[in-house]
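What follows is a set of notes on a single structure, which appears directly below.
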Amino acid sequence: MSTKIKRPTSFLLILCVVLSLFAGSAYAAHRYFEDAKGHWAEEAINILAEKGVIAGYPDGLVHPDNIITRAEFATLIARTLELPKPADKDITIHFTDISEHWSESDVEALVIAGIIQKGDFSNRFLPDEPITRMEMIRMLVRAMGKENHDPSCSCMLGFIDEGQLSKEQKAYICTGKHYHIIDGYPDGTVRPDKNATRGEAFEMLVDTEKAKEQIKKEEPEKPSVPEPEEKPSGNGGSSYIPAPQFSFIMPETAYTTHEIEVKPNSRYVSGILWTVQRDGVPMELTDVIKGELTADGGKVQFLQAGNFTLTATVKNSRGVTASHEQAIEIYPVVSAGFKLPETAHTDTAVAVELSTENLGINEVVWLLEKDGTAIDITEGILGELNSQGGTVMFKEKGNYVLNAAITDGLGKTVNASDTINVYPVSEVKLELPAVSYTDKTIALQTETKEADGLTIAYTLTRNGEPADINTFIEGNLTNGSIRFKEKGVYTLTASVTDITGRVFADKATITVYPVGSAGFYLPEIFHTDKTVTVEAVFNEIGSHIAVWSLTRDGKEIALSDAAIGALSNTGGSLQFKEKGSYFLKAEFTDEGGRSYSYEQSFNVYPVPTVSFSLPRYAHTDTDIVVNTNSANLDGLAIEWLVDNTYGFQDWNTFIDGCLANNGGTIRFKRAGIYELVARLTDETGRVFLFEPGGKCEVLPVLTIGFELPGFAYTDTVIDLKCQ
C-alpha cells in the first residue's frame, strides 16, 4: 500500500465530492426532501442539505434507498484524494472488464494507492455492479490509513451475524465501528454483503467527518528536536549543558535469522529510550527484537519480518530531548521443498505439493530438464505450477528434473528439485460388434501403440463369469475372424503390462443371440360366418411381442377393423367381417435387433342371404308375385326349387313362369301345398339353401250355374237349382 498520501486530512473533501456526485452541486440551496422524512438517515440527509452538499433529483426527492455502484464509489474516493493519473508500469492488478470504462483510470489509481488490493475482487471488477457495505468499509478504512489493525485486538463486534465474517473482515469492521463509521442494523446484524445504499453512504460519510477529530487525538505527538542551546553570556548563573546529540547506523535490510549491529554516535546523552514501529504501528520492543540496546547500541536480531522503524529518544541531564530514527526492512528466510513420485506415465496427473516457509510475495520460478537438457516448462508439461505447486502431466517419456527457484527481496535464490522417470502410455484397442448370432462370423481387430516388445493377453467372461476362450470362441483372436458358439453376453479383454507393472487394457462386450424363427397357419379359404384358428410359433422371441399386420385387396387395414378377435404370440381366433383377398403378416425383432417375419395369403368369401314370401292360399288361376330381398350374392344366380311336400319336383310341371334373383310372377298349375326354395352355390362349392318356411295352399278353380224364369210375381215361388 502506498503511504505517500495523507488520507486522514482528505475526508472533508471525500464527503463533499461523494455527496455532490450523488445529488448535484455542492452549493445547492438548503431544502428538505419528502422521501427523507421519517427515514433512518434523515438526520444525515438534513445535515448535508443544510450545508448545500446535496440537492436531490429533478423529481424533488433524494432517493436514499437507491444503490451506489463500485465504479461510482471508486471514482468518488480517487477524485477526493486527488490521486495522480496512473502509469501502466505501476499497475499491479489488471481487471479485464474496465478497459474503456469511464471509471478505468480512477479504479487503477486506487490500485496503485493500495485502496484496492489483490484479492479484493477477481480478475473482473464489475464496475456497474452495486458495491457492498463490506467493500465500502474496506476502502474507507484504507483511505484513512487505518488498515493495519492491532493483531492483538479480539474484535468482539457484538453483531449477531459476525460468525460469518473472516478475520480480515472483522478487522476492517472493528476499525469502522471504533470510529463510528458503522454501527449495524437495529436487529443486531452488520450485513456485510448487503448492497450499499445512498442513505448508508450519507450516514457513513457524515460519521467520517465526526471521526476526524478522534483520529487526530489518537495520533501520538512526535518528539520535538530542540534547537541547540546558546551558551549564557556574562558571569554567574547556572553552568551550561549542551543539547544531546545522538545518531546510529544499522543495515537497511536483514533476515530474521541474522544478528545485526546498531552502532551509535552520541554526545551529551544521560538517558536513552529505544522504541520500534512496524508499518507505522508502535510495538513492544521485546516482542520484535532479541537482544539488548543501550546508549552504546548493541547486537540484536529482529524476530519478525516487515518494515520497521527503530527510534532512539535521548535526553541530557537537564531533560532536554532529541531523537533519531532509521528504517530497516526485515526479510524472512525462505525455504521450499517438494517430492515427486519415482515414476509416472504421460497420462498421469502428478501432484506437486510445494511446501514453503516465509514465501511472502516472492515469486516461484519453475524450471525443467529432460534427459539432462533444459527445456521450456510449457513444452514439457501440461498444467500450471504456482507458489503452492499444482497438478501437471508430462507430455513425453523421459527422465525429468523439476526445480522450483525462489528469489527473495534481497536477491538470494533458494532451490528445491526432484527427479521423476516418465513412461509412455501403451494403448490397446479392441473392436467387436455390439451384437452377433451363433450363425455369424465376425471380424476381431486388436491394435496397439507404444507396446513394442509387450505381449497381448486375452481373457473372456460369459454372463459375468470367467470362460474358456477355446470352448466358446471359434477362430483366430489375432486380427482374425471368430464366431461365438453359444448365446450369452461376452466380454473379451486384451491387455499388455509394461515395466512399471501398469496394465493397459481394452475390452469389448458383445451380446450373442441364438437364431430365431417366425411362423403361423390358418386356412386359405373360408367365409365371413366362420371363426378360424391361427396357430403361431415364434422361436427366440423372448419377452418381445409379435406384431401382426393385415392387408385386404392390396390395402393395409387394421386387424381390429377387419376381424373379430385378437392375435398374440401364440396366435388366436378370428372371424373376418368382410370378403376379400387378404395377406396376414407376423414379425418380431429379437434382443439383438434381428427381425423375423412370416406371411400367408387367404381369401374370405361372403355369406349370401335371400328372403321372400308366398301367400298362404292361392288358386290355380292366380298370378303370384314373388319379391326377394338379397345380400352378398356376389354375382351368383339363384336356383329356384319347388317342393310339394313330396320332395323337389320338376319346376315346369307344377309352375308356369320363372323366377330370377329379384323374384318374378308365377302361377301354380295344380292344386296342392307348395314351398319354394332358393339355392346358391359359390365358387368354393358351398351350397346355401334359403327356405322361408311359408307354405302356399293352391286350390282348384270351381264353376257354378243356375236358371231363373223370365218373369215372376211377388207371390210366385221360384225353384232355383244349381248345376
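Those letters in the sequence shown? Residues 32 to 754, by the numbering used here.
Ideal Cβ placement from N, Cα and C applies to all residues, glycine included.
The beta carbon of residue 575 sits closer than 6 Å to the beta carbons of 619 from its chain, once the five residues preceding and following it are set aside; these are given in chain order. Distance from residue 554 to residue 633 at the Cβ level is roughly 7 Å; contact confirmed, criterion being Cβ atoms closer than 8 Å.
About 6 Å separates the Cβ atoms of residue 546 and residue 468, confirming a contact at the 8 Å cut-off. Scanning the segment 662–737 from its first residue to its last, the whole beta strand (DSSP E) runs of 3-plus residues come out as 670–674, 694–699, 703–712, 718–721 and 727–730. Beta-bridge annotation (DSSP): residue 469 is not paired with any residue. 617 is the residue among 617, 504, 454 and 493 whose C-alpha sits nearest the C-alpha of residue 548. In this structure the segment 514–534 lies against the segment 483–496, because at least three pairs of beta carbons, one per stretch, are closer than 8 Å. Residue 533 holds the alpha-carbon nearest to the alpha-carbon of residue 458 among 410, 213 and 533.
Here residue 207 is buried. Its C-beta has 16 or more other C-beta atoms within 10 Å. About 24 Å separates the CB atoms of residue 655 and residue 667; that is not less than 8 Å, and the two are not in contact.
Just so you know, the alpha carbons of residue 419 and residue 437 end up roughly 12 Å apart. Judged by beta-carbon spacing, residue 382 lies beyond the 8 Å limit of residue 425, meaning their Cβ atoms are not closer than that value. Residue 460 places its beta carbon less than 8 Å from that of residue 478.
Between residue 670 and residue 710 the beta-carbon gap is near 4 Å, inside 8 Å, which marks them as a contact.
DSSP places residue 206 inside the alpha helix (DSSP H), whose first and last residues are 198–209.
Counted as a single uninterrupted DSSP element, the beta strand (DSSP E) harbouring residue 333 occupies residues 329–333.
Judged by DSSP in its simplified three-state form, residue 245 adopts helix. Of the candidates 609, 225 and 372, the residue whose Cα lies closest to the Cα of residue 531 is 372. Its Cα nearest to that of residue 225, the residue 160 stands out among 160, 184 and 319. The three-state secondary structure of residue 106, taken from DSSP, is helix. For residue 657, the enclosing beta strand (DSSP E) begins and ends at 655–658. With fewer than 16 neighbouring CB atoms inside 10 Å of its own CB, residue 153 falls in the exposed class.
Here residue 392 is exposed. Its C-beta has fewer than 16 other C-beta atoms within 10 Å.
Below 8 Å, enough C-beta pairs join the segment 171–178 and the segment 196–206 to call them touching: three or more.
Distance from the CA atom of residue 685 to the CA atom of residue 562, rounded to whole angstroms, is 41 Å.
In the three-state reduction of the DSSP assignment, residue 97 falls in the coil class.
Across the structure, residue 612 and residue 558 are spaced so that their CA atoms are roughly 12 Å apart. Within the segment 402–437, the runs of alpha helix (DSSP H) that reach at least 4 residues and sit entirely inside it are, in chain order, 408–411.
Taken through DSSP and simplified to helix, strand or coil, residue 336 comes out as coil.
With contacts defined as CB atoms closer than 8 Å, residue 116 and residue 136 qualify as a contacting pair. Taking the Cα of residue 677 as reference, the smallest distance to any Cα among 705, 660 and 602 is reached at 705. Shown here, residue 185 sits in coil according to DSSP, grouped into three states, outside any helix or strand. By the Cβ test, the segment 356–369 is in contact with the segment 437–453, since at least three Cβ pairs between them sit closer than 8 Å. Separation of residue 321 and residue 334 (C-alpha to C-alpha, rounded to the nearest whole angstrom) is 7 Å. DSSP lists 620 as the beta-bridge partner residues of residue 626. For residue 281, the secondary structure class from DSSP, reduced to helix, strand or coil, is coil.
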